[in-house]
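**Student:** Right, I'll just put the structure down here and ask away after.
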Amino acid sequence: MAKTSAATPKVLERGSPLAILCESCVNALYSVAVRLTRRRDTAEDLVQDTYVRALRARARYDEELGAKGWLFAIMRRLHLDDVRRLRRSPQVDSLDDREDFVLYEHLSRDAAASSAEEAFLAHYLDGCLAATVEALPEDLKLPLLLSAGGFTYREMARILGWPVGTVMSRLHRARRLVQRLLVQQCRETGQREDGP
Amino acid sequence: MTCEEAVARLYEYLDRELDPGTRRRVRQHLARCRPCTDKVHFEAYFLAQLRRCLVSERAPASLYRRLEALVAAVRVK
Ligand SMILES: [Zn+2]
């Protein structure tokens, strides 16, 4: 992999196989695929299928998206096809996520912690965050993952095929919902611990 | 800019998606508002944790072998 990892998307010649196999693309695609599929073996398959599709369609490479964005756009389509076929999208839409900054408010009330950040570390970073994101519906999970991958609102709009305003509202909603679900889990855990 | 307005732009601010004028006004508000500054710090921390947790996987060697085989097949053609 050492030789190909030196290739950058900048020098991409009409979707040259070398450039789209750059190391940063593969790791980013695999990371997102793990969260989308929730299984490492399925994630590997999804990334491989993405490359099969990309290599086959490399004449239609989207220069404006760049190699990474183009690969994510392909992976997103393949994943949504799988979801539709298997009908396994989670349903958390009924949850009320309108309240802002619930996690911050919740943690700020924790008198034992010297700061909200430390309280967050203490309570939630043992795998909770990943599991919570994985359980989101696809329309919220996708912008959250792409944003974590460093894409701008405009780039996400192009990858997802949504207007920029939709990307923004779903991304912000996803973040609020993750916080809300974490608080909910925390309350449930607390209740269990305090229980008889 | 009021607290409500600043908080409404908080994620756009942290995502560096605001136009320079609005960004400057949010900054000016934060410079004199401790509660909003605390919120921004926490949300920045939360977003950093999301990044760390969501995009830190390293693709396994088995996947690289599969991809290299694909690319090799294309080059042969
Ligand atoms: Zn304020």
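Residue numbers (our numbering), protein chains in the order written: chain L, 106 to 301; chain F, 12 to 88.
Cβ atoms here follow ideal geometry from the backbone N, Cα and C, with glycine treated the same way.
In this text the structure is predicted, and so the values were computed from the model without any measurement.
Does the beta-carbon of L191(L) have 16 or more other beta-carbons within 10 angstroms, so that it is buried, or is it exposed?
**Tutor:** exposed
**Student:** Rounded to the nearest angstrom, how far is the Cβ of A10(F) from that of V137(L), given a contact under 8 Å?
**Tutor:** Past the edges of chain F, shown from 12 to 88, lies residue 10(F), and the structure says nothing about it.
**Student:** Taking 8 Å as the cut-off, does the segment 273-290 of chain L touch the segment 169-185 of chain L (at least 3 CB pairs, one atom from each stretch)?
**Tutor:** no
**Student:** Closest to V188(L) by C-alpha separation, out of P242(L), V152(L), T155(L) and D154(L), would be which residue?
**Tutor:** P242(L)
**Student:** Taking only beta-carbon positions, decide if P71(F) is within less than 8 Å of chain L.
**Tutor:** yes
**Student:** Output yes or no for whether 8 Å exceeds the beta carbon distance between T142(L) and L151(L).
**Tutor:** Yes; because the gap between Cβ atoms is below 8 Å, this pair is in contact.
**Student:** Is the beta carbon of V283(L) less than 8 Å from the beta carbon of P248(L)?
**Tutor:** no
**Student:** Output the boundary residues of the alpha helix (DSSP H) element that contains Y156(L).
**Tutor:** R145 to R161
**Student:** Any beta carbon of chain F sitting closer than 8 Å to that of E260(L)?
**Tutor:** no
**Student:** Suppose you measure from the CA of H52(F) to the CA of A17(F); what does that come to, to the nearest Å?
**Tutor:** Rounded to the nearest angstrom, the two C-alpha atoms are 13 Å apart.
**Student:** With 16 as the cutoff for other CB atoms within 10 Å, does R263(L) come out buried or exposed?
**Tutor:** buried
**Student:** Whole angstroms is fine: what's the gap from L117(L)'s alpha carbon to A172(L)'s?
**Tutor:** Note on L117(L): pLDDT 36, under 50, position unreliable in the model; the coordinate value appears next. Looking at the two C-alpha atoms, the distance is approximately 8 Å.
**Student:** Under a CB-based cut-off of 8 Å, is C44(F) close to chain L?
**Tutor:** no
**Student:** Output, in chain order, the set of chain L residues within a Cβ distance shorter than 9 Å of C14(F).
**Tutor:** Simply none; closest approach about 12 Å.
**Student:** Is P71(F) near ligand 1 - that is, is its Cβ less than 7 Å away from at least one heavy atom of it?
**Tutor:** Shortest gap from the CB of P71(F) to any heavy atom of ligand 1: 7 Å or more.
**Student:** Quick one: complete alpha helix (DSSP H) runs, 4+ long, within the segment 164-196 of chain L?
**Tutor:** 171-191
**Student:** Taking Cβ positions, are L81(F) and Y156(L) nearer each other than 8 Å?
**Tutor:** yes
**Student:** Excluding the 5 residues preceding and the 5 following S199(L) in the sequence, name in chain order all residues of the same chain whose CB lies nearer than 8 Å to its CB.
**Tutor:** Because S199(L) sits at a pLDDT of 46, beneath the cut-off of 50, its placement in the model cannot be relied upon, and the point is left open.
**Student:** I want to verify the contact list: residues of chain F whose CB lies under 7 Å from the CB of Y135(L), in sequence order.
**Tutor:** Within 7 Å Cβ-Cβ: E68, A70 and L74.
**Student:** Please list, following the chain, all residues that have a C-beta closer than 6 Å to any non-hydrogen atom of ligand 1.
**Tutor:** C14(F), A17(F), H40(F), C44(F), P46(F) and C47(F)
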